[in-house]
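Line by line, the protein sequences are chains C and A.
With the working numbering applied, the first sequence has no gaps in its numbers, which climb one by one up to 173 at the end.
With the working numbering applied, the second sequence has no gaps in its numbers, which climb one by one up to 279 at the end.
For glycine and all other residues, C-beta sits at the position ideal for the given N, C-alpha and C.
Computed from a prediction, not measured in an experiment: that's the story for all the values here.
Below is one structure, written out as structure tokens; the observations come after it.
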Amino acid sequence: MTDARGSASPREALTALVPRLRRFAYALCGHPGDADDLVQVALERAIMRLDQWQPGTRLDSWVFRILHNAHVDDIRAKKRRGTVVDIDDVAGLAGGDAERAVQARLDLARTREAMDTLPDEQRSVLVLVGIEGLSYQEAADTLSIPIGTVMSRLSRARKALAARLETQGATAR
Amino acid sequence: MTAPLPTWTDEQLNAFLDGELYDDTCAAIERDLERDTDLAGRLEALAAANAAIAHAFDAPLDQPVPERHLAAIEAGFAAREAQAAAPRQDGNVTAFRLRPRPADGAPARTAPARPASERAARWATPIAAGLALVIGAAGGLFAGQGLVPAPGAPAGETVPLLQVAAALEDAPSSSPLAVSGGTLQPVLSFRAADGRFCREFQWSKRGDAFSGIACKSDGQWGIEVMIAGAPAASGEGFTQASGAGGMALEAALSALGAGEPLSAEDEARAMAGDWSPAS
Chain C
1 MTDARGSASP REALTALVPR LRRFAYALCG HPGDADDLVQ VALERAIMRL
51 DQWQPGTRLD SWVFRILHNA HVDDIRAKKR RGTVVDIDDV AGLAGGDAER
101 AVQARLDLAR TREAMDTLPD EQRSVLVLVG IEGLSYQEAA DTLSIPIGTV
151 MSRLSRARKA LAARLETQGA TAR
Chain A
1 MTAPLPTWTD EQLNAFLDGE LYDDTCAAIE RDLERDTDLA GRLEALAAAN
51 AAIAHAFDAP LDQPVPERHL AAIEAGFAAR EAQAAAPRQD GNVTAFRLRP
101 RPADGAPART APARPASERA ARWATPIAAG LALVIGAAGG LFAGQGLVPA
151 PGAPAGETVP LLQVAAALED APSSSPLAVS GGTLQPVLSF RAADGRFCRE
201 FQWSKRGDAF SGIACKSDGQ WGIEVMIAGA PAASGEGFTQ ASGAGGMALE
251 AALSALGAGE PLSAEDEARA MAGDWSPAS
């Protein structure tokens, strides 16, 4: 585990964490622009409440938790406001040469689409464990849910995702 | 004779994939995988789903940290340091704590133990809520019904930012005025820790309400934060911003290191001096 306990200052640690925060936010909400808004809010809140972070514990999980809470707030607000239409740039039209790259991008785009169909609470668990590599216990702490719930949500999420990707693969080829 | 195949649950298979099982369970699954093709198939599907997402969102890892985030970090720590260096007896950031904290908020570090004075009460001006969308600090434009994130966003066409800015230049707080078919209500003025003058304001048009903070630097008003909100359905006017919206406002105030609201006289003086930090 390489979190910045001890050596780096909180400011350096937070700055170094930004790329992962952006990935986390992107995976949570599926839209790069919204993701950066979330990251912004998370950074502001984290700095404002830095005194509440306990040195010696993982800074990344703590900020992930703040970001996730902000995301949940956003979801609530969006539900009241109505859906936001998302235009994800799916593979720009490249020359025949770059076919493999395009295929790879399409696969990623499909994966992101499939992720988007998961219920929010399943996606959160999947992102923390499957992308951020948190342990079940860390994910449970981050989301304030029991570890058993982490396991069952993760299980449902992966199963749904597997089924979805399989169907997509079948129709795409 | 081989033993009958045990049934492993998906949860167990996932835990196997994630390295969350005890060694003996792990070994048992590995043994079964060799003789149970069904089990191997299930594990493969789960692993494939896992592998598919593992790098699907990696794009930001290869990108430089956006300027706005670096700026937010700088501003956040600058505000903290300013706060630590000069804890003003009568308020500074503490005044903002008078806003009720949102549910996930932490107890205020320095809750003022004094009754809300008239000036402090001004800070508690109800902020449009009901729904909230945040645009982070460092400039946001909004368009149509919703808000458009600042970076790379097209200029807000439906909200007259220029007119709002022009009105903020000359309108005293607490007197609403008509701007481009909507109503602009400058709420109050304050000075940020870096010396700039800032104004909290509300803008509404046909039932859509927004609250924001603008600061003037280099002769131009820039939006620091905007919160979208609508009057509460109860018809009792605006309710307190909550959740992300309230936090965003509080975060912006804190990041700016906002001082006490200016008195009417001070505000008039600042206005006469074109809100120049030197005035």
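query                                                                                                                                                                                     : result
A/Leu43 to A/Asn14, Cα distance in whole Å?                                                                                                                                               : 8 Å
Could you say which of C/Trp62, C/Asp116, C/Ala77 and C/Gly148 lies nearest to C/Leu21 if we only look at CA atoms?                                                                       : C/Trp62
With contact counted as at least three CB pairs below 8 Å, one residue from each stretch, are the segment 115-128 of chain C and the segment 15-29 of chain A in contact?                 : no
Counting along the chain, where does the alpha helix (DSSP H) carrying C/Pro19 start and finish?                                                                                          : Pro10 to Cys29
Within this structure, are the beta carbons of A/Phe210 and A/Pro186 separated by less than 9 Å?                                                                                          : no
State the CB to CB distance for the pair C/Phe24 and C/Thr142, rounded to an integer number of angstroms; the pair is presumed to be in contact (CB under 8 Å).                           : Not quite, the Cβ-Cβ distance comes to about 10 Å (not below 8 Å), so this is no contact.
Let me make sure I understand the geometry here. Which of A/Gln163, A/Gln83, A/Thr7 and A/Ala59 has the alpha-carbon closest to that of C/Ala109?                                         : A/Ala59
I believe A/Pro261 touches A/Ser189 by the beta-carbon criterion, under 8 Å. Please report the beta-carbon distance rounded to the nearest angstrom.                                      : 7 Å
For C/Ala35 and chain A, any beta-carbon pair shorter than 9 Å?                                                                                                                           : yes
How is the alpha helix (DSSP H) around A/Asp24 delimited, first residue to last?                                                                                                          : Asp23 to Arg35
Please say whether A/Asp32 and C/Arg158 have beta carbons closer to each other than 9 Å?                                                                                                  : no
Is the shortest distance between the beta-carbon of A/Ile223 and the beta-carbons of chain C less than 9 Å?                                                                               : no
Assuming C/Gln40 and A/His55 are in contact, meaning their beta carbons sit under 8 Å apart, how far apart are those beta carbons, in whole angstroms?                                    : Their Cβ separation, rounded to whole angstroms, is 24 Å, which puts C/Gln40 and A/His55 out of contact at 8 Å.
State the Cα-Cα distance for the pair A/Gln83 and A/Gly257, rounded to the nearest angstrom.                                                                                              : 7 Å
Between A/Phe197 and A/Trp275, what straight-line distance do the alpha-carbon atoms span, to the nearest angstrom?                                                                       : 6 Å
Would you mind sorting A/Pro172 into buried or exposed? The rule is 16 or more other CB atoms within 10 Å of its CB.                                                                      : exposed
Can you find a CB in chain C that lies within less than 9 Å of the CB of A/Thr25?                                                                                                         : no
Tell me the DSSP secondary structure of A/Ala214 in three-state form.                                                                                                                     : strand
With 9 Å as the threshold, decide whether the Cβ of A/Gln185 is near any Cβ in chain C.                                                                                                   : no
Report yes or no: is there a C-beta of chain C within less than 9 Å of the C-beta of A/Thr9?                                                                                              : yes
Say whether the segment 39-58 of chain C touches the segment 112-119 of chain C, bearing in mind that this needs 3 or more beta-carbon pairs closer than 8 Å, one atom from each stretch. : no
For A/Arg206, which residues in chain C fall below 9 Å Cβ to Cβ?                                                                                                                          : Residues of chain C passing the Cβ test: none, with the nearest at roughly 16 Å.
Assign C/Thr57 to one of two classes, buried (16 or more other C-beta atoms within 10 Å of its C-beta) or exposed (fewer than that).                                                      : exposed
9 Å is my cut-off, CB to CB: does C/Ala114 come that close to chain A?                                                                                                                    : yes
Can the beta-carbon of A/Phe57 be found less than 9 Å from the beta-carbon of C/Tyr136?                                                                                                   : no
Alpha carbon to alpha carbon, what distance is there between C/Arg49 and C/Arg11?                                                                                                         : 13 Å
Could you tell me whether the Cβ of C/Leu43 comes closer than 9 Å to any Cβ of chain A?                                                                                                   : yes
Within 10 angstroms of its Cβ, does A/Gly76 collect 16 or more other Cβ (buried), or is it exposed?                                                                                       : buried
Only counting the same chain, and skipping five residues up and downstream in sequence, which positions put a Cβ closer than 6 Å to that of C/Arg164?                                     : Ala114
Can you tell me the Cα-Cα spacing of A/Leu168 and C/Leu106, whole angstroms?                                                                                                              : 48 Å
List the residues of chain A whose Cβ lies closer than 9 Å to the Cβ of C/Ala27, in chain order.                                                                                          : Ile53, Ala56 and Phe57
What residues of chain A sit near C/Ala140, judged by a beta carbon separation below 7 Å?                                                                                                 : Residues of chain A passing the Cβ test: none, with the nearest at roughly 11 Å.
For C/Gln137, which of helix, strand or coil comes out of DSSP?                                                                                                                           : helix
Could you tell me the boundaries of the alpha helix (DSSP H) in which C/Glu121 lies?                                                                                                      : Asp120 to Leu126
If you run the structure through DSSP and keep just helix, strand and coil, what is C/Ile145?                                                                                             : coil
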